[in-house]
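Undergrad: Have a look at the structure that comes next, please.
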Amino acid sequence: MGVHGLTSLIDNNPHLLKDYQLHDCKVVIDGNNLYYFLYLYCHVRYQFSGDFDIFRRKICMIFSLFKKCNVEPYVVFDGSQTIDGRKFQTIIDRAKDRILSAGRIARGQRGTLLPCLAQEAFKQTLNEIGVNHVTCDFEADSQMAVLANEWGCPVISCDSDFYIYSVTGGFLPLDYVDFRPVQCSVKGQTYAYLPVKFYHLDHFISHCPFKRSVLPLFASILGNDYIDVRNFQGFYLMLSQKPVPSSRFLPVTKKHEQILLLMDWLENRTIEDGISEVMNFIDKEKRPKFLQKLQQSISGYVDIQTYESFNLKEYFETGHKTLSVKRNLGIELPAWFVKAHRAGTISPVVLNATMVHRVILPIQVESIQWPSSFCVSRHLREAIYSIILNTDSSTVTFGECKDLPDLCAHTPSFSNCKHIDGDFEAGEKTFISGDGDGMITSGTGGNICKMCQQSVHCSESVVRKSEKFSKKPGGVEEYTRVNRELHKIFIKPLVSLPNFGTLPALADIDKLVLSHRRALVMEVMGISQNLVKKFDSSLELFMMCLVFWIRNSDPKVTVHHLRGFLVSAILLHVHREITQREEQSKEKGDGEGEPPFDHSAIKYTLEANLSSETAAYECEGRKHVESVHTVEASLSIEKVCNAADSQLLHRIRDNLKKYYNEPQKQGKTFQPDYPIFHRTATFMACMLDGINLNSVLARPMASPQLALLLNGTFIYNIVWELQARSSPDLFLQEMLVKGSSVAELFISLYAALLSEAGEAIQDVQKQGNKCCKSSRKRKKLKSKNVQCEDAENSAAFVQDSLDEGSMVVDCAVSNRFGALMLDE
Numbered sequence: 001m002g003v004h005g006l007t008s009l010i011d012n013n014p015h016l017l018k019d020y021q022l023h024d025c026k027v028v029i030d031g032n033n034l035y036y037f038l039y040l041y042c043h044v045r046y047q048f049s050g051d052f053d054i055f056r057r058k059i060c061m062i063f064s065l066f067k068k069c070n071v072e073p074y075v076v077f078d079g080s081q082t083i084d085g086r087k088f089q090t091i092i093d094r095a096k097d098r099i100l101s102a103g104r105i106a107r108g109q110r111g112t113l114l115p116c117l118a119q120e121a122f123k124q125t126l127n128e129i130g131v132n133h134v135t136c137d138f139e140a141d142s143q144m145a146v147l148a149n150e151w152g153c154p155v156i157s158c159d160s161d162f163y164i165y166s167v168t169g170g171f172l173p174l175d176y177v178d179f180r181p182v183q184c185s186v187k188g189q190t191y192a193y194l195p196v197k198f199y200h201l202d203h204f205i206s207h208c209p210f211k212r213s214v215l216p217l218f219a220s221i222l223g224n225d226y227i228d229v230r231n232f233q234g235f236y237l238m239l240s241q242k243p244v245p246s247s248r249f250l251p252v253t254k255k256h257e258q259i260l261l262l263m264d265w266l267e268n269r270t271i272e273d274g275i276s277e278v279m280n281f282i283d284k285e286k287r288p289k290f291l292q293k294l295q296q297s298i299s300g301y302v303d304i305q306t307y308e309s310f311n312l313k314e315y316f317e318t319g320h321k322t323l324s325v326k327r328n329l330g331i332e333l334p335a336w337f338v339k340a341h342r343a344g345t346i347s348p349v350v351l352n353a354t355m356v357h358r359v360i361l362p363i364q365v366e367s368i369q370w371p372s373s374f375c376v377s378r379h380l381r382e383a384i385y386s387i388i389l390n391t392d393s394s395t396v397t398f399g400e401c402k403d404l405p406d407l408c409a410h411t412p413s414f415s416n417c418k419h420i421d422g423d424f425e426a427g428e429k430t431f432i433s434g435d436g437d438g439m440i441t442s443g444t445g446g447n448i449c450k451m452c453q454q455s456v457h458c459s460e461s462v463v464r465k466s467e468k469f470s471k472k473p474g475g476v477e478e479y480t481r482v483n484r485e486l487h488k489i490f491i492k493p494l495v496s497l498p499n500f501g502t503l504p505a506l507a508d509i510d511k512l513v514l515s516h517r518r519a520l521v522m523e524v525m526g527i528s529q530n531l532v533k534k535f536d537s538s539l540e541l542f543m544m545c546l547v548f549w550i551r552n553s554d555p556k557v558t559v560h561h562l563r564g565f566l567v568s569a570i571l572l573h574v575h576r577e578i579t580q581r582e583e584q585s586k587e588k589g590d591g592e593g594e595p596p597f598d599h600s601a602i603k604y605t606l607e608a609n610l611s612s613e614t615a616a617y618e619c620e621g622r623k624h625v626e627s628v629h630t631v632e633a634s635l636s637i638e639k640v641c642n643a644a645d646s647q648l649l650h651r652i653r654d655n656l657k658k659y660y661n662e663p664q665k666q667g668k669t670f671q672p673d674y675p676i677f678h679r680t681a682t683f684m685a686c687m688l689d690g691i692n693l694n695s696v697l698a699r700p701m702a703s704p705q706l707a708l709l710l711n712g713t714f715i716y717n718i719v720w721e722l723q724a725r726s727s728p729d730l731f732l733q734e735m736l737v738k739g740s741s742v743a744e745l746f747i748s749l750y751a752a753l754l755s756e757a758g759e760a761i762q763d764v765q766k767q768g769n770k771c772c773k774s775s776r777k778r779k780k781l782k783s784k785n786v787q788c789e790d791a792e793n794s795a796a797f798v799q800d801s802l803d804e805g806s807m808v809v810d811c812a813v814s815n816r817f818g819a820l821m822l823d824e
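Right, here's the structure in full:
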């Protein structure tokens, strides 16, 4: 990320960084960097699709340290890919690297890969603890620099672009932030601070031989996310003929030597001279296009005086929100969607599909030999794409060439489009209109392809005829894993549903009543209302995703895996209840020690920073759900745990806590069970797309709180254990204390899911001897006739248990969410 080689050069030249005490100030934080950094820095396991309860606890801990030092954080996230696609190749290359990393992790080797739900879990926690955050419309780096300069505060990030930006308050590299507060006393006043390293551009320039004005060219020639350094091979070959100059920098690698040679070459040159000479090393036919890219890269480092689309300072300070955002072809997004996106409730997948009709699907730890886990949830995305791409026959008018969007005015000629034939020259008059089939037809001059966004280069005069776009949506270009490679697939939206009719347009969502939007979520997922009303509002979408997963998963879901997800959700609620009671006990005690973090004002089904209509919809949704649940008591894990005595909760936690540990290695490496890996990944894909579907419908259902539902390591271990058991149901009853309210709750949840989708669960008994043989081998079982439980026997067991004594569960929702003190 950022400028190639610059971070390692500064790491090896510590005199460029100064010691600094971070306290009593505002700080702008790179959100994308931070959640990635925290997940790895805090050693949260990622091999099993995510331990979100532990991740949440670590996030709370880090931000409590900022609070202790009186540091006010403002977290800023990247938005959509840019419409002109200038960073697209870099994004593709990173996706390919993630596929390789996923393969290594799945084989038990080293690698790092964030779970696909990590960003959602991070934003949920920020909302919970009241941290200010915003999602930009496009790239956030320059916007963060503008905001920091307006406030005169530093920026925290890992992105080496901030070594180039002129940030008045300085740059604090995230790798050098020491999250161990230090108490200090000055003139009788005590304060706490975080030790960090401070970088300022002025200090760096004082060590460089060239002028400050050529710094953007320096960064661009080194290569960044927009400029491929391989374009400068001829230039660097010329530089390599010269001796490495003596300087105040310590070179360590060949790349560092190239940096020093470049510094020396720029010493007596202006930015115009540098550009002119560098272009001599680029092939003549590539020069116009490359010059444009180079100029865009340079301007990106210079233009940090004004905001790109909306004022972040006003957004945070006054709540004033500019709601005008234009996507592909100049179509304006509805205000409710813009509010939700900037508040962080619209995922990158949905945002990219909306803005550029192009999505890079997340890469997960899964079996590389099997189809991508996101194939299972494709139906949900087809519905999402239909809603966000449907323009509702809006008329879009275009004027002269000077009024055309960058998409048309700054793209190459048709000769670069791989999806159509023909070569059309720049400047040719063209009429375009949308036909809804992925291709934009033109009056004269041929076609413009939506799939790669190539159009005629309108250097002089291009006339675009005003047309009504077809009501039939076009489609989205998905990039997904196929075996060990990244493939491009064109996805056509789901236009209508049999029992619903034509799907609504994005602009019409805020006009739909809550019950209509709830019905649409259930219809897309194929869930009956009779099932949904059995659950408390906090469990609705989670249980719906489980049913959708059971019916669509490939490989088929086993009863063991289903049990694993349910027990995970129960145990995480048990942990939370224990932690809350311990915190309450401390508060009533002698007051020694640091007071616990106050979560009492948090409402888990509402996002605290959504003052938009989206929040109003959720409030409306709560009223609707409560009115439904007064008719029939709903199943609530939270209520059961809240009513249980502490001895029972501690006993359940002690019974299951060993399954939080990392699975034991067999030999030097961990040998994973691929079916468990892959089935878990397919559920995470369903969960992500289920949350996305809910978000594009303005959240008619409460968002599942991931930290209260999913611990991937526990799920893997408990499924492994259940596979080895001859009587997994009896084992779980023992773990949950047979006859207790918690054990009865598990039976009720399990029975509800089996009644809705039990026919789609894999019949484990048919696997016969193979399943049991591997189980006996792992556990060294002596019995020769062990058989695994099948779904039918499990359902019978559940019914017998229910007949012994039914349980009535209330639907009240607790608003407190303490730190989950789990064994790691």
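Counting from 1, one number per residue, gives the positions in the sequence shown under full-length UniProt numbering. Note that the Cβ used here is the ideal one computed from N, Cα and C, for glycine as well. The model shown is predicted, which means the values in this text are computed figures rather than measured ones.
Based on the DSSP secondary-structure assignment, which residues constitute the bridge partners of K481?
TA: Checking the displayed sequence, the identity of residue 481 turns out to be Arg instead of Lys. According to DSSP, R481 bridges with L486.
Undergrad: Under a three-way DSSP split, which group does T190 fall into?
TA: Strand, per DSSP.
Undergrad: With respect to the alpha helix (DSSP H) encompassing Q21, which residues constitute its N-terminal and C-terminal limits?
TA: It is not in any alpha helix (DSSP H) - Q21 instead sits in the beta strand (DSSP E) that spans K18 to L22.
Undergrad: Starting from the Cα of C69, find the closest Cα among N33, I105 and V196 and give me that residue.
TA: For the residues N33, I105 and V196, the minimum Cα distance to C69 belongs to V196.
Undergrad: Going by DSSP in three states, C25 sits in which element: helix, strand or coil?
TA: Reduced to three states, the DSSP call for C25 is strand.
Undergrad: Report the rounded CA-to-CA distance for L404 versus I83, giving the unit in angstroms.
TA: A caution first: L404 carries a pLDDT of 34, below 50, which makes its placement in the model unreliable, though a value can still be read off. If I take the Cα positions, the gap works out to 13 Å.
Undergrad: Any idea what DSSP makes of G30, helix, strand or coil?
TA: With the sequence shown as reference, residue 30 is identified as Asp, and Gly is not the correct amino acid for it. Of the three classes helix, strand and coil, the one that applies to D30 here is strand, per DSSP.
Undergrad: Out of L389, T354, G85 and G130, point me to the one whose CA is closest to Y74's CA.
TA: The residue with the shortest Cα to Cα distance from Y74 is G130.
Undergrad: Could you check whether L174 and N12 sit closer than 7 Å to each other, using their CB atoms as the reference points?
TA: No. Outside cutoff.
Undergrad: Could you tell me the boundaries of the beta strand (DSSP E) in which Y74 lies?
TA: Counting along the chain, the beta strand (DSSP E) containing Y74 begins and ends at V71 to F77.
Undergrad: Which residue spans inside the stretch 538 to 564 form an unbroken beta strand (DSSP E) run of at least 3?
TA: Segments of the beta strand (DSSP E) lying fully in the stretch 538 to 564: there are none.
Undergrad: Can you tell me whether E460 is buried or exposed, with buried defined as 16 or more other CB within 10 angstroms of its CB?
TA: Because the pLDDT at E460 is just 31, under 50, the model does not fix this residue reliably, and the value given afterwards should be weighed accordingly. E460 should be labelled exposed.
Undergrad: In its own chain, which residues sit with a C-beta less than 6 Å from the C-beta of R212, not counting the 5 before and 5 after it?
TA: The residues are I205.
Undergrad: How many whole angstroms separate the CB atoms of L260 and P243, which I take to be in contact at a CB cut-off of 8 Å?
TA: 10 Å between Cβ atoms; not a contact.
Undergrad: To which residues of the same chain is residue 844 closer than 7 Å at the C-beta, ignoring the five residues directly before and after it?
TA: Examination of residue 844 is not possible in this model, given that the chain is present from 1 through 824 alone.
Undergrad: Quick one, are the C-beta atoms of Q762 and K492 less than 7 Å apart?
TA: The answer is no: Cβ separation not under 7 Å.
Undergrad: Between Q124, F37, L736 and I99, which lies nearest to A702 when the distance is taken from Cα to Cα?
TA: Ranking Q124, F37, L736 and I99 by Cα distance to A702 puts Q124 first.
Undergrad: Expressed to the nearest angstrom, what Euclidean distance is found between the alpha-carbon atoms of Q258 and N224?
TA: If you take the alpha carbons of Q258 and N224, they lie about 15 Å apart.
Undergrad: Considering V524, what are the terminal residues of the beta strand (DSSP E) in which it resides?
TA: First-last for V524: L514 to M525, but that is the alpha helix (DSSP H), not the beta strand (DSSP E).
Undergrad: Kindly indicate the opening and closing residues of the alpha helix (DSSP H) around V356.
TA: Its alpha helix (DSSP H) spans residues P348 to V356.
Undergrad: Just to confirm, is the Cβ distance from S373 to T480 under 7 Å?
TA: No, they are not a contact pair.
Undergrad: Ignore the nearest five residues each way along the sequence and tell me which others in Q81's own chain have a CB closer than 6 Å to its CB.
TA: These residues qualify, in order along the chain: N352 and V356.
Undergrad: For the alpha helix (DSSP H) containing T125, list its first residue and its last residue.
TA: Counting along the chain, the alpha helix (DSSP H) containing T125 begins and ends at A118 to I129.
Undergrad: So what's C184 in DSSP terms, helix, strand or just coil?
TA: Correct three-state label for C184: strand.
Undergrad: Using 10 angstroms around the beta-carbon of V177, count the other beta-carbons present and answer buried if the total reaches 16, otherwise exposed.
TA: So V177 ends up on the buried side.
Undergrad: Whose CA, out of M687, Y674 and M238, lies closest to the CA of E277?
TA: When each option's Cα is compared against that of E277, the closest is M238.
Undergrad: Give a yes or no on whether the C-beta atoms belonging to G5 and K293 are separated by under 7 Å.
TA: Not a contact, by the Cβ cut-off of 7 Å.
Undergrad: I need the DSSP call for H207, collapsed to helix, strand or coil.
TA: Here H207 sits in coil by DSSP.
Undergrad: Specify the secondary structure class of T345 as computed by DSSP and reduced to three states.
TA: Correct three-state label for T345: coil.
Undergrad: Name the DSSP beta bridge partners of K197, please?
TA: D19.
Undergrad: Suppose the cutoff is 8 Å on Cβ atoms and the five residues either side in sequence are ignored; what does the same chain contact list for L16 look like?
TA: Excluding sequence neighbours, L16 sits near I10, Y199, H203, F204 and H207.
Undergrad: If I'm right that E267 touches F210 with Cβ under 8 Å, what's the distance once you round it to whole angstroms?
TA: Going by Cβ atoms, the distance from E267 to F210 rounds to 5 Å, so yes, they are a contact pair.
Undergrad: Would you kindly work out how many angstroms separate the C-alpha atoms of V71 and S64, rounded to a whole number?
TA: Computed Cα separation, rounded: 10 Å.
Undergrad: Roughly how many angstroms lie between the CA atoms of G2 and V365, to the nearest whole one?
TA: Going from the Cα of G2 to the Cα of V365 covers about 26 Å.
Undergrad: Going by beta carbon distance, what residues of the same chain come within less than 6 Å of S801, once the five residues before and after it are set aside?
TA: At S801 the pLDDT is 39, less than 50, meaning the model places this residue with poor confidence; the figure from the coordinates comes in the next sentence. I747.
Undergrad: Which same chain residues end up closer than 6 Å to L201 when comparing Cβ atoms and leaving out the 5 residues on each side of it in sequence?
TA: For L201, where only same-chain residues beyond five positions count, the Cβ hits under 6 Å are S166.
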